[in-house]
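J.: Quick note: the sequence shown uses our numbering, first residue 2, plus one each step.
Cβ atoms here follow ideal geometry from the backbone N, Cα and C, with glycine treated the same way.
Starting off with a structure, shown below.
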Amino acid sequence: MPDITQQRCRNHAEREAVACCPGCGRYFCRECITEHEDRVLCAACIRSRVEAAPKKSLRFQGLIRSGQFFLGLLILYVLFYYLAEILLAIPTEFHEGTLWKADWWTD
Ligand SMILES: [Zn+2]
Ligand SMILES: [Zn+2]
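If you want it as C-alpha cells, here you go:
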C-alpha cells in the first residue's frame, strides 16, 4: 500500500492526493473527489454510477408500475365479475327467475 502523501491527483499532477477512490482505486485531490451517497468517489465513478443507476431503477419502477396496473385490472375484473354475479343472483332469488322468463322472448 503506497503512502497517500506520495501520491498525486490523477487529474492534477501538481496537486497532492487527499483520498483514494474506492470505486477505481486511483488517487485524487480534494477538488476531484466528492461525497456521494455517504461514499467518497471520484467524478468519473460518480458519473458511471449515476448513469447506471437510474436506468436500472427506471426499468424496475416500470415493472412495478405495469405490475400494479395489471393487478388493478385483475381486481377490477374480479370485482365486476362478483358484482355481476350478485346482481344476477338477487332477482333470481327474489323473483324465482320469473323476471327473466318474460313472454316476449320465449317464442
Ligand atoms: Zn473512481
Ligand atoms: Zn484533482
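Does DSSP classify Arg-9 as helix, strand or coil?
T.: Sequence index remark: in the sequence shown, residue 9 carries index 8 (1-based). DSSP places Arg-9 in strand when its eight states are reduced to three.
J.: Can you tell me whether Leu-42 is buried or exposed, with buried defined as 16 or more other CB within 10 angstroms of its CB?
T.: Indexing the sequence shown from 1 puts residue 42 at position 41. It is buried - the Cβ of Leu-42 has at least 16 other Cβ atoms within 10 Å.
J.: Let me know if Tyr-82 comes out buried or exposed under the rule of 16 or more other beta-carbons within 10 Å of its beta-carbon.
T.: Locating residue 82 in the sequence shown gives position 81, counting from the first residue. Looking at its Cβ environment, which holds fewer than 16 other Cβ atoms inside 10 Å, Tyr-82 is exposed.
J.: Rounding to the nearest angstrom, what Cα-Cα distance links Glu-38 and Tyr-28 in this structure?
T.: On the sequence shown, position 37 is the one that residue 38 refers to. On the sequence shown, position 27 is the one that residue 28 refers to. Distance between the alpha carbons of Glu-38 and Tyr-28: 19 Å.
J.: Please classify Arg-60: is it buried, with 16 or more other beta-carbons within 10 angstroms of its beta-carbon, or exposed?
T.: Position 59 of the sequence shown holds residue 60. The residue is exposed, with fewer than 16 neighbouring Cβ atoms inside 10 Å.
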